[in-house]
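Chemist: Chains as they are written, first to last, in the working numbering: chain A, 2 to 415; chain B, 11 to 435.
By construction, the Cβ of each residue, glycine as well, lies at the ideal position given by its N, Cα and C atoms.
The structure follows.
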């Protein structure tokens with residue numbers, strides 16, 4: 002049970018406070034309600050590029066990292082299709098430094114041309130390092146546009162192509178800041194050995210004076226129901242053939258979400274999971290395999306992927322996956338197996354409660370979904386899933402006409 | 011409420027970090043247990059640690075495969091049954107193999123402590139190395155190796171590892187595809203010689219109740235004492251300087267690794283001052299290397315340097331992946347930054363910033379039962395006493411800009427470095 006307090010400033014900034022007396026470190030987590038799905042199709046990669054620019058100096062403070070280091074702190078950030086999350090951890094006695102730094106960059110960035118030019122290059126190198134210069138690196142650049150035809154999830158957070166990043170100009174950067182980086186669009190969580198009073202005072206002092214900007218109302222077209230099986234084959238310089246199968250599933254707040262998550266766990270979470278045992282250990286068809294859900298806010302993807310063992314034909318491997326998926330659709334999962342994945346999940350949740358930072362990130366995340374208190378309802382929701390629901394959800398999701406398959410083949414094999 | 015946003019709030023220094031010491035116990039058969047009872051959450055991490063690793067194996071990949079095969083079948087349970095049992099109880103078992111140490115780690119909720127410790131002890135004590143499972147593991151590990159070696163950074167690390175040590179030294183490493191065809195008998199021997207439960211040291215962290223300790227003793231405290239000989243690994247610090255380019259057609263980035271062995275141990279008076287030098291050069295986001303090669307030139311997504319202490323060697327290295335067209339310039343800039351540390355004394359303000367960062371880092375790495383246990387364990391195996399950690403912060407403060415410059419002059423020289431580039435120049 003994670004206890005917390007919540008209050009909202011006049012300018013719309015939501016603030017959560019979680020008291021944790023077990024640590025000398027305080028976590029300061031600031032989440033902005035903006036992600037890659039809020040970009041324009043001809044200007045992708047922007048939310049993530051912007052995240053980089055947030056470290057290039059703000060209107061009153063020309064370096065973000067140095068003052069934080071002086072305070073004995075550390076920080077980082079990440080961007081997804083749904084959100085951008087900034088976090089800092091520092092000794093609790095220096096909490097005020099985090100308030101000072103992050104309120105200034107919410108007030109206004111420095112918007113320096115040099116920073117834009119350098120970060121464009123840094124992000125381009127990141128694009129290469131993660132997506133182009135790695136075996137299987139460009140999978141998501143291929144799979145997303147296959148599965149999504151309309152919804153902005155069709156492009157990855159890094160961007161559709163390097164040219165979009167190269168083409169980013171300062172006026173668009175300023176406009177993006179105005180649109181998405183206001184207090185009304187943000188959620189802050191402070192987690193550590195802190196008192197509510199102390200946090201409210203700091204919040205009022207540093208964030209209180211910031212004016213609310215125009216509330217961004219998201220209007221994203223939903224992805225139309227997939228009407229038929231899709232397939233794409235590519236050949237790359239990789240040592241093993243790989244298969245990626247993406248099925249459409251529900252959105253994060255849908256009542257079937259937890260069942261879909263457990264379904265993926267039944268298939269491949271843990272050494273005793275179905276795909277691990279049958280396809281990797283017993284049949285030796287795949288050298289590795291995994292089933293997971295994207296967890297995105299809007300209707301997401303349920304993915305099954307594996308690297309095919311040497312000497313096994315692609316069609317056979319693909320068929321083997323289909324057979325396992327049919328099994329889970331047609332036979333009710335027994336109590337032991339279902340309890341097993343629930344036990345694993347409960348365990349994972351508890352281990353996640355060990356650090357102030359994890360709790361801060363999760364509190365912000367659930368607040369973004371609608372209510373931070375949801376954090377304490379998750380285990381209950383998973384435990385409420387029964388075999389019938391698993392089977393129904395499996396039948397809905399794991400249909401061929403709902404599937405986009407990417408065959409990512411080795412150039413070097415027959 | 012008017013205040014000047016350009017002025018930073020007052021910052022309090024971290025003066026001390028009190029790291030709780032473990033409670034020490036001995037099991038009925040004498041196995042030492044270090045306990046860190048430091049949380050109210052009902053969870054436990056147990057580590058069964060052996061002072062042997064890849065440096066001790068008689069054939070390449072022996073240590074790795076032996077450790078991975080333990081869970082594939084025991085005298086009492088098949089691999090499938092073991093997997094199911096571990097998963098059903100919401101527990102996680104991992105094995106890590108370094109050059110010097112092999113660790114089996116169990117994460118579990120306290121309510122399942124008895125069942126899960128039992129299966130952990132069982133897989134370490136009575137594995138049967140079933141042949142089918144071994145054949146499958148060999149094939150799968152080989153494929154993972156082949157995929158990994160396609161990554162420039164991995165190929166770079168692999169090549170660097172080949173050059174760092176002489177072939178005759180147990181730390182030398184050059185894994186090849188053929189090495190994955192391990193011999194089952196050798197794994198059985200490796201297990202017999204190096205993974206005797208009675209030789210283990212146990213670290214338990216989390217909510218360590220009396221009940222947990224009793225359970226550990228009832229499960230592991232009865233295991234027979236077997237005396238096995240451990241070979242001592244000779245310390246190695248001979249410098250080898252060489253430059254290698256592994257060209258990769260069409261690479262859009264080059265992976266670079268530059269480094270050397272250092273002739274001092276963790277217990278040496280030079281170690282902590284060198285850590286300060288290392289942090290300044292490439293150990294944090296505002297380091298010389300990051301500020302130059304990433305934040306000024308935009309050549310890379312990340313560049314850093316590190317100091318690693320094995321039990322018988324100490325390594326310094328710099329690693330990065332850069333735009334292939336900027337490879338030569340990056341190498342020049344890395345040299346430039348090393349030279350600068352030799353010719354210019356670092357300013358008091360920058361040195362102070364590095365120390366504050368390191369202090370904060372030390373605070374973070376001492377937070378929580380698992381971190382406290384890790385810190386203690388690291389000192390323990392290096393033969394350091396508690397003072398290493400309790401005096402760490404004051405030793406950092408004592409490092410002067412002269413110390414930093416002198417260490418740079420002594421050790422940061424191109425002529426002593428191994429340089430590996432995978433990509434293009």
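1) What residue ranges within the stretch 370 to 407 of chain B form continuous alpha helix (DSSP H) runs of no fewer than 4 residues, ordered along the chain?
2) So, is the C-beta of residue 74 of chain A closer than 7 Å to a C-beta in chain B?
3) Taking 7 Å as the cut-off, decide whether the C-beta atoms of residue 130 of chain A and residue 53 of chain A are in contact.
4) Roughly how many angstroms lie between the CA atoms of residue 412 of chain A and residue 241 of chain A, to the nearest whole one?
5) Could you give the first and the last residue of the continuous beta strand (DSSP E) run that contains residue 234 of chain A?
6) Using only the alpha-carbon positions, how far apart do residue 124 of chain B and residue 83 of chain B sit?
7) Quick one: using the 10 Å Cβ neighbour count with 16 as the cut-off for buried, is residue 365 of chain A buried or exposed?
8) Just mark residue 314 of chain A as buried or exposed, buried being the case when its beta carbon has 16 or more other beta carbons within 10 Å.
9) Give the residues from the stretch 385 to 404 of chain B that approach chain A closer than 9 Å (Cβ to any Cβ), ordered along the chain.
10) Could you tell me whether the stretch 400 to 407 of chain A touches the stretch 341 to 352 of chain B, using the rule of 3 or more Cβ pairs below 8 Å?
11) Ignoring anything shorter than 3 residues, give me the beta strand (DSSP E) runs that lie fully in the stretch 225 to 300 of chain A, in order along the chain.
12) Could you work out which residues of chain B lie near residue 351 of chain A, taking near to mean beta carbons separated by less than 8 Å?
13) According to a CB-to-CB cut-off of less than 7 Å, which residues of the stretch 96 to 121 of chain A neighbour chain B?
14) Residue 140 of chain B CB to nearest chain A CB: under 7 Å?
15) For the stretch 262 to 330 of chain B, which segments carrying the alpha helix (DSSP H) assignment without a break, of at least 4 residues, lie completely within its bounds, in sequence order?
16) Can the beta-carbon of residue 142 of chain A be found less than 7 Å from the beta-carbon of residue 31 of chain A?
17) I'd like to know whether the C-beta atoms of residue 58 of chain A and residue 111 of chain A end up nearer to each other than 7 Å.
18) Please name the residue in A/33, A/148, A/279, A/259 whose C-alpha comes closest to that of residue 378 of chain A.
19) Does residue 241 of chain A come within less than 7 Å of chain B when only Cβ atoms are used?
20) Is there a C-beta anywhere in chain B that falls below 7 Å from the one on residue 165 of chain A?
21) Can you tell me whether residue 41 of chain A is buried or exposed? The criterion is at least 16 other CB atoms within 10 Å of its CB, across all chains shown.
22) Might you give, ordered along the chain, the residues of its own chain that have their beta carbon closer than 7 Å to the beta carbon of residue 270 of chain B, omitting 5 neighbours on each side?
23) Can you give the beta carbon distance from residue 244 of chain B to residue 183 of chain B, rounded, assuming they're within the 8 Å contact cut?
24) Can you tell me where the alpha helix (DSSP H) with residue 346 of chain A in it begins and where it stops?
25) Under a CB-based cut-off of 7 Å, is residue 94 of chain A close to chain B?
26) Select from the stretch 264 to 297 of chain A all residues with a C-beta closer than 9 Å to any C-beta belonging to chain B, and list them in chain order.
27) Are residue 46 of chain B and residue 382 of chain B touching if we call contact CB-CB under 7 Å?
28) Could you give the DSSP three-state label for residue 153 of chain B: helix, strand or coil?
29) Note down the Cα distance separating residue 50 of chain A from residue 81 of chain A, rounded to an integer number of angstroms.
30) Can you tell me which of A/349, A/244, A/246 puts its alpha carbon nearest to the alpha carbon of residue 1 of chain A?
31) Can you give me the C-alpha to C-alpha distance between residue 338 of chain A and residue 11 of chain A, rounded to a whole angstrom?
32) If the cut is a Cβ gap below 8 Å, which residues of chain B does residue 397 of chain A touch?
33) Does residue 70 of chain A have its Cβ less than 7 Å from a Cβ in chain B?
34) Which runs of the alpha helix (DSSP H) fall wholly inside the stretch 123 to 151 of chain A and span at least 4 residues, in chain order?
35) Going by DSSP, what residues sit across from residue 96 of chain A in a beta bridge?
36) Does the stretch 93 to 110 of chain B come close enough to the stretch 125 to 140 of chain B that 3 or more CB-CB pairs lie under 8 Å?
Modeler: This is what the structure holds:
1) 379 to 391, 397 to 400
2) Reading the first chain from its first residue, position 73 is the one you call residue 74 of chain A. By this cut-off, residue 74 of chain A is an interface position.
3) Position 129 of the first chain, counted from the first residue, corresponds to residue 130 of chain A. Position 52 of the first chain, counted from the first residue, corresponds to residue 53 of chain A. Result no, Cβ atoms of residue 130 of chain A and residue 53 of chain A do not sit closer than 7 Å.
4) For the purposes of this step, residue 412 of chain A is identified with residue 411 of the first chain, where counting begins at 1. For the purposes of this step, residue 241 of chain A is identified with residue 240 of the first chain, where counting begins at 1. The straight-line gap from Cα to Cα measures roughly 9 Å.
5) Position 233 of the first chain, counted from the start, is the residue given in the question as residue 234 of chain A. Start and end: 231 to 237.
6) One-based indexing of the second chain puts residue 124 of chain B at position 114. One-based indexing of the second chain puts residue 83 of chain B at position 73. Distance between the alpha carbons of residue 124 of chain B and residue 83 of chain B: 20 Å.
7) Here residue 365 of chain A refers to the residue found at position 364 of the first chain. So residue 365 of chain A ends up on the buried side.
8) To locate residue 314 of chain A, count along the first chain from 1; it is residue 313. So residue 314 of chain A counts as exposed.
9) Those would be none; no residue qualifies.
10) Cβ pair count under 8 Å is below three, so no.
11) 231 to 237, 243 to 249, 287 to 294
12) The count along the first chain starts at 1 and reaches residue 351 of chain A at position 350. The answer, in chain order, is 51, 52, 53, 119.
13) 97, 98, 101, 105, 119
14) To locate residue 140 of chain B, count along the second chain from 1; it is residue 130. Not closer than 7 Å to any Cβ of chain A, the Cβ of residue 140 of chain B fails to qualify, so no.
15) Fully contained in the stretch 262 to 330 of chain B are the following alpha helix (DSSP H) runs of length 4 or more, in chain order: 281 to 292.
16) On the first chain, residue 142 of chain A is found 141 positions in, with the first residue counted as 1. On the first chain, residue 31 of chain A is found 30 positions in, with the first residue counted as 1. No, the pair does not count as a contact, with Cβ atoms beyond the cut-off.
17) In the first chain, counting from the first residue as 1, residue 58 of chain A sits at position 57. In the first chain, counting from the first residue as 1, residue 111 of chain A sits at position 110. Contact flag set, yes.
18) Residue 378 of chain A sits at position 377 when you count from the first residue of the first chain. Taking the Cα of residue 378 of chain A as reference, the smallest distance to any Cα among A/33, A/148, A/279, A/259 is reached at A/259.
19) Residue numbering aside, residue 241 of chain A sits at position 240 when the first chain is read from its first letter. Closer than 7 Å to some Cβ of chain B, the Cβ of residue 241 of chain A qualifies, so yes.
20) What you label residue 165 of chain A is simply residue 164 of the first chain in a count that begins at 1. Not closer than 7 Å to any Cβ of chain B, the Cβ of residue 165 of chain A fails to qualify, so no.
21) As a position in the first chain, residue 41 of chain A is number 40, starting the count at 1. Classification for residue 41 of chain A: exposed.
22) On the second chain, position 260 is the one that residue 270 of chain B refers to. Closer than 7 Å at the Cβ level, and outside the excluded window around residue 270 of chain B, lie 249, 326, 426, 427, 428.
23) Looking up residue 244 of chain B in the second chain gives position 234. Looking up residue 183 of chain B in the second chain gives position 173. Rounded, the Cβ-Cβ distance is 16 Å, inconsistent with contact.
24) Here residue 346 of chain A refers to the residue found at position 345 when the first chain is read from its first residue. Where residue 346 of chain A is concerned, the enclosing alpha helix (DSSP H) stretches over 336 to 353.
25) Within the first chain, residue 94 of chain A is the residue found at index 93, counting from 1. A Cβ of chain B is located within less than 7 Å of the beta carbon of residue 94 of chain A.
26) 270, 271, 272, 273, 274, 277, 278, 281, 282, 283, 285, 287, 288, 289
27) Sequence index remark: in the second chain, residue 46 of chain B carries index 36 (1-based). Sequence index remark: in the second chain, residue 382 of chain B carries index 372 (1-based). Yes, the Cβ-Cβ distance between residue 46 of chain B and residue 382 of chain B is below 7 Å.
28) To locate residue 153 of chain B, count along the second chain from 1; it is residue 143. Of the three classes helix, strand and coil, the one that applies to residue 153 of chain B here is helix, per DSSP.
29) For the purposes of this step, residue 50 of chain A is taken as the residue at position 49 of the first chain. For the purposes of this step, residue 81 of chain A is taken as the residue at position 80 of the first chain. Each residue's Cα considered, the two are about 12 Å apart.
30) The requested residue 1 of chain A does not occur in the structure, where chain A is confined to residues 2 to 415.
31) Here residue 338 of chain A corresponds to residue number 337 of the first chain, with the count starting at 1. Here residue 11 of chain A corresponds to residue number 10 of the first chain, with the count starting at 1. Whole-angstrom Cα-Cα distance: 50 Å.
32) Within the first chain, the letter at position 396 stands for residue 397 of chain A. Neighbours of residue 397 of chain A on chain B: none; closest Cβ ~26 Å, over 8 Å.
33) Counted from its first residue, the first chain places residue 70 of chain A at position 69. At least one chain B Cβ lies under 7 Å of residue 70 of chain A.
34) 140 to 148
35) Counting from 1 along the first chain, the entry for residue 96 of chain A is found at position 95. None; residue 96 of chain A has no bridge partner.
36) yes
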